[in-house]
Amino acid sequence: MPEGSSLLKSLKAMRARGLNLQADWLEKASAGKVTEIRTLKAEDGSDLFVVDGRSQDSRRSPLSEALKILETLEPLSENVFLYGLSGPALVRALLERFRTITALEPSPEVARAFFSLEGSEKLALSPSFRLLIPGELSGKAPETGGTPSLAAHPGAVRRNPQLFRAFKDFVLGGKNKRPGDFQEARLVIIPPLSGGPASMGGFLRKAAKRLALVPLLMEWPQSLVRLEASLKGPGNPEDARGLFREAFGLLKESAQAFAPDLILSLAQAPLDPGTLSRLKDAFPETIHAFWFAEDLDRFGYALETAPLYDLFLHIQGPETEKKLREAGCRKPRYLPLCADADFFHPREVPPPYQAEISFMGAGYPNRRSVFRRLLKDLEKGKRAVPVFKIFGSGWEGAGTELESRLFEGGRRVTAEETALIYAGAEAQLNIHSGGGSGYSPRSAFVNPRAFEIAASGAFQITDSRPLLSGLFTERELAVSSEPDDLPELVLKFLENPEERRARGAAARERVLKAHLYRHRLEKILELAFS
-3 MPEGSSLLKS LKAMRARGLN LQADWLEKAS AGKVTEIRTL KAEDGSDLFV VDGRSQDSRR
57 SPLSEALKIL ETLEPLSENV FLYGLSGPAL VRALLERFRT ITALEPSPEV ARAFFSLEGS
117 EKLALSPSFR LLIPGELSGK APETGGTPSL AAHPGAVRRN PQLFRAFKDF VLGGKNKRPG
177 DFQEARLVII PPLSGGPASM GGFLRKAAKR LALVPLLMEW PQSLVRLEAS LKGPGNPEDA
237 RGLFREAFGL LKESAQAFAP DLILSLAQAP LDPGTLSRLK DAFPETIHAF WFAEDLDRFG
297 YALETAPLYD LFLHIQGPET EKKLREAGCR KPRYLPLCAD ADFFHPREVP PPYQAEISFM
357 GAGYPNRRSV FRRLLKDLEK GKRAVPVFKI FGSGWEGAGT ELESRLFEGG RRVTAEETAL
417 IYAGAEAQLN IHSGGGSGYS PRSAFVNPRA FEIAASGAFQ ITDSRPLLSG LFTERELAVS
477 SEPDDLPELV LKFLENPEER RARGAAARER VLKAHLYRHR LEKILELAFS
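Note that the working numbering numbers the sequence shown so that position 318 is 314, with each residue one more than the last.
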């Protein structure tokens, strides 16, 4: 590629600053013989490198890509360590945002091309910019004062992912390799397009920031959400393949700019076996984990992808782990659900969400049967039937005695409303879903409501679950062993407000000590990096 006075001025400026190693490294680079580099102008006017025939940035707008990377960086940091000079637009965007830039480019030819750009000699002369060369990674990272951010240009990571790992260890002092110390580890969270587990993504991102990780939560466009909804009925298999292709393209674009240490996918994320295999091929140095917060007996799709993950987290018991191992899963581990205690907390609740007895959830057959029996038995008692409100959808055809208690005709409630519902009942019922006519202990997991009701400081009566005793005690909630004892428990605790309050407060305390998203994420990191 043509080289002019900018490169000569840059070399002279580096030597004037005492950066002789860097200047020699650039001067000896054999431009065009080891790496073929072309410089183009993108549609937005930015400089664009093509290295060995591969464009390093979007040919439309490298600046837009640079701004996406900036969004992932620590907002309070003044200093940045940058891996890769193959994105001039990114370097310029970082200069406007940070006080100092310390950059490492794996290819001397690419670095030479960068300093051949018009105006680059100003950067070489600036005390705000320092160029590292690969040989310097054996030493100690330069002190910048304060906590630095770590940025990576995706083109440079693609060209040399091993050196990027070494660069991160250099910058972070090896923190990302020591079990139990994960500060600055880069985490991509892949939520589902819609559905219950989708809210987990936001809670995990918040927990990651509190643990001093660098998180990126995938945010899906509405067009993809609508496409998924259209596939719920009979559809064209090619449409489903198109959904997975589009999801993979978005994932790859975002994650390459982010250079993650760990990719954590959640239940119902748009990852079929083919998509997951392509994702692993695109990020071979990254640990891939999956948190399956669902019932494996009902959602058997997970058995197809479980063997592909480095770490598979489930919420059920030993039988589930046995099935996963038989399917070829290498590292299945039990990880129960949890709650965000900032979102679910005690509060004043508007009258529409208040009740003596409350239930929030879909109208599964066993719940319909249990609640009909409950109302029938309560009507036999001497006192008036308590105010019983049912919130949630899927109750069509449940009968007048249940439908008359539905909140606003059984419409789907928002997450914010759910928090009000949990905090607004004197006794919150938590009956796990099932297809029979009673309690459903077959799937030994504890649902998210148990943790969210507890975080709300509310009193709950839950059906008996095999794994419950390892999570809560009966000082923190009440357990109904069978539907026949539910009416007696309801009346007993409605008449004892002090006991309800004591158990609700103890349950919230338990969540704060052991069942926050922070606790679960710490365990995921320990398992992933050990």
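Ideal Cβ placement from N, Cα and C applies to all residues, glycine included.
*State buried or exposed for Q158, treating a residue as buried only when at least 16 other CB atoms are found within 10 Å of its CB.*
With fewer than 16 Cβ atoms within 10 Å of its Cβ, Q158 is classed as exposed.
*Thinking L213 and L247 are a contact (beta carbons under 8 Å), I'd like their distance in whole angstroms, please.*
By a beta-carbon distance limit of 8 Å, L213 does not contact L247. Their separation comes to about 12 Å.
_Nearest to G83 (by Cα), restricted to the options V153, F340 and E344_ = Cα-wise, what sits closest to G83 is V153.
*Which residue spans inside the stretch 403 to 485 form an unbroken alpha helix (DSSP H) run of at least 4?*
Whole alpha helix (DSSP H) segments, 4+ residues: 411 to 419 and 444 to 451.
*Would E67 be called buried (16 or more neighbouring beta carbons within 10 Å of its own) or exposed?*
Around the beta carbon of E67, a 10 Å sphere encloses fewer than 16 other beta carbons of the protein chains shown; the residue is thus reported as exposed.
_Give me the DSSP bridge partner(s) of R34._
Its beta-bridge partners are V46.
*Excluding the five sequence neighbours on either side, which residues of its own chain have a C-beta within less than 8 Å of the C-beta of V221, listed in chain order?*
Its chain contains L189 and S190 as the residues whose beta carbon lies nearer than 8 Å to that of V221, once the 5 sequence neighbours on both sides are disregarded; these appear in chain order.
*Report the rounded CA-to-CA distance for K202 versus A194, giving the unit in angstroms.*
Taking the straight line from one Cα to the other gives about 14 Å.
*For R379, the three-state DSSP class (helix, strand or coil)*: Note: R379 maps to coil in three-state DSSP.
*asked:* Checking the sheet assignment: what are the DSSP bridge partners for I283?
replied: Residue pairing by DSSP places I283 opposite L258 in a beta bridge.
*With DSSP as the reference, label T68 as helix, strand or coil.*
Reduced to three states, the DSSP call for T68 is coil.
*Minimum C-alpha distance to G533 - residue among F339, L370, G406 and F286*: With the chain covering -3 to 526 only, the question about residue 533 has no answer from this structure.
*Please classify Q218: is it buried, with 16 or more other beta-carbons within 10 angstroms of its beta-carbon, or exposed?*
Exposed, since its Cβ has fewer than 16 Cβ neighbours within 10 Å.
*Can you give the beta carbon distance from L490 to A380, rounded, assuming they're within the 8 Å contact cut?*
Not a contact, Cβ separation roughly 11 Å.
*Measure the alpha-carbon distance for N492 versus E215 and round it to whole angstroms.*
N492 and E215: Cα-Cα distance of roughly 46 Å.
*So, is P117 buried or exposed, given that buried needs 16 or more other C-beta atoms within 10 angstroms?*
In the sequence as presented, Pro is not what sits at residue 117; that position holds Glu. Buried, because 16 or more other Cβ atoms sit within 10 Å of the Cβ of E117.
*Closer than 7 Å by C-beta to A298: which residues in its own chain qualify, once you throw out the five before and the five after it? Chain order, please.*
Answer for A298: F288 and L292, listed in chain order.
_Reference E470; option with closest CA among A510, D481, V167 and Q456_ = Nearest option by C-alpha distance: Q456.
_Burial state of L72 (16 or more Cβ within 10 Å)_ = L72 should be labelled exposed.
_Through-space distance from L239 to E413, alpha-carbon basis_ = If you draw a straight line from the Cα of E413 to the Cα of L239, it is about 31 Å long.
*Apart from the five residues on each side of it in sequence, which residues of its chain come closer than 7 Å, Cβ to Cβ, to A253?*
These residues qualify, in order along the chain: E61, K64, I65 and P150.
*Which residues in the same chain as K173 place their Cβ atom closer than 6 Å to its Cβ, once the five residues preceding and following it in sequence are excluded?*
Residue confidence for K173 is low, a pLDDT of 43 falling below 50, so the modelled location carries little weight; the figure read from the coordinates is stated next. Excluding sequence neighbours, K173 sits near nothing in its chain.
*Going straight from the alpha carbon of A335 to that of G390, what length do you get?*
CA-CA distance, A335 to G390, rounds to 24 Å.
*So, helix, strand or coil for L331, using DSSP?*
It is coil, neither helix nor strand.
*Assess, as a yes-or-no matter, whether the stretch 365 to 385 is touched by the stretch 475 to 488 under the definition of 3 or more beta carbon pairs within less than 8 Å.*
They touch, by the three-pair rule.
*asked:* In the DSSP output, what is I353 paired with across the bridge?
replied: I353 pairs with F384 and A423.
_Just to confirm the assignment, what range does the alpha helix (DSSP H) spanning L398 have?_
Residues T396 to E399.
*Looking only at DSSP bridge pairs, what is S145 linked to?*
S145 has V76 as its beta-bridge partners, per DSSP.
*Exposed or buried, what is T396 when buried is set at 16 or more other beta-carbons lying within 10 Å of its beta-carbon?*
So T396 ends up on the exposed side.
*asked:* Tell me the DSSP secondary structure of F367 in three-state form.
replied: The DSSP-derived three-state label of F367 is helix.
*Would you mind sorting K24 into buried or exposed? The rule is 16 or more other CB atoms within 10 Å of its CB.*
With fewer than 16 neighbouring CB atoms inside 10 Å of its own CB, K24 falls in the exposed class.
*Do the CB positions of V409 and A450 come within less than 8 Å of each other?*
Result no, Cβ atoms of V409 and A450 do not sit closer than 8 Å.
_Counting beta carbon pairs with one atom in the stretch 352 to 370 and one in the stretch 324 to 338, are three or more of them shorter than 8 Å?_
Contact fails: fewer than three Cβ-Cβ distances are below 8 Å.
*Which value, in whole angstroms, describes the spacing of the CA atoms of E260 and D43?*
According to the sequence provided, residue 260 is Leu. The question's Glu does not apply to it. If you draw a straight line from the Cα of L260 to the Cα of D43, it comes to about 34 Å.
_In the DSSP assignment, the beta strand (DSSP E) including V210 goes from what residue to what residue?_
Start and end: V210 to L213.
*Where does the unbroken beta strand (DSSP E) through V184 begin, and where does it stop?*
Residues R182 to I186.
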